[in-house]
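First the structure, in the form of structure tokens, and then the observations on it.
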Amino acid sequence: MFPHSATAWIVIAVVVLVLFGGRKLPDAARGLGRSLRIFKSEMDEMKTEGDAKAPAQQPQAQVTEQPIDVQTVQPSDTDRKTA
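Those letters in the sequence shown? Residues 69 to 151, per the working numbering, in order.
Rendered as structure tokens:
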């Protein structure tokens, strides 16, 4: 499936070096490192949020003391002519 010998790793390294060039490899490695750090910090933040939300109660419906006023609007004659 995937080669594990030393010569296979050398061939893979040479192919990567030829494809990306010597100048772009450090930038690619730096970008990958930054991405992994961001991913790890986001995963840690999600875990802490999940722990904080676990003991919370179920959301309850909001009940108002007074009824909401509803206003009915009748269409005007100009609205009927244009439609």
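Here a beta-carbon is modelled for each residue, glycine too, at the ideal position from N, C-alpha and C.
Please go through the same chain and pick out, in chain order, the residues whose beta-carbon is closer than 8 angstroms to the beta-carbon of residue i, but skip the five residues on each side of it.
{"i": "residue 93", "result": "84 and 85"}
{"i": "residue 140", "result": "none"}
Taking the Cβ atom as the reference point for each residue, do residue i and residue j lie within a distance shorter than 8 angstroms?
{"i": "residue 97", "j": "residue 88", "result": "no"}
Can you tell me the Cα-Cα spacing of residue i and residue j, whole angstroms?
{"i": "residue 99", "j": "residue 119", "result": "30 angstroms"}
{"i": "residue 117", "j": "residue 72", "result": "40 angstroms"}
{"i": "residue 79", "j": "residue 103", "result": "27 angstroms"}
{"i": "residue 144", "j": "residue 133", "result": "34 angstroms"}
{"i": "residue 90", "j": "residue 82", "result": "11 angstroms"}
{"i": "residue 105", "j": "residue 113", "result": "12 angstroms"}
{"i": "residue 109", "j": "residue 75", "result": "36 angstroms"}
For residue i, which residues from the same chain have a beta carbon less than 7 angstroms from its beta carbon, with the 5 sequence-adjacent residues on both sides left out?
{"i": "residue 142", "result": "none"}
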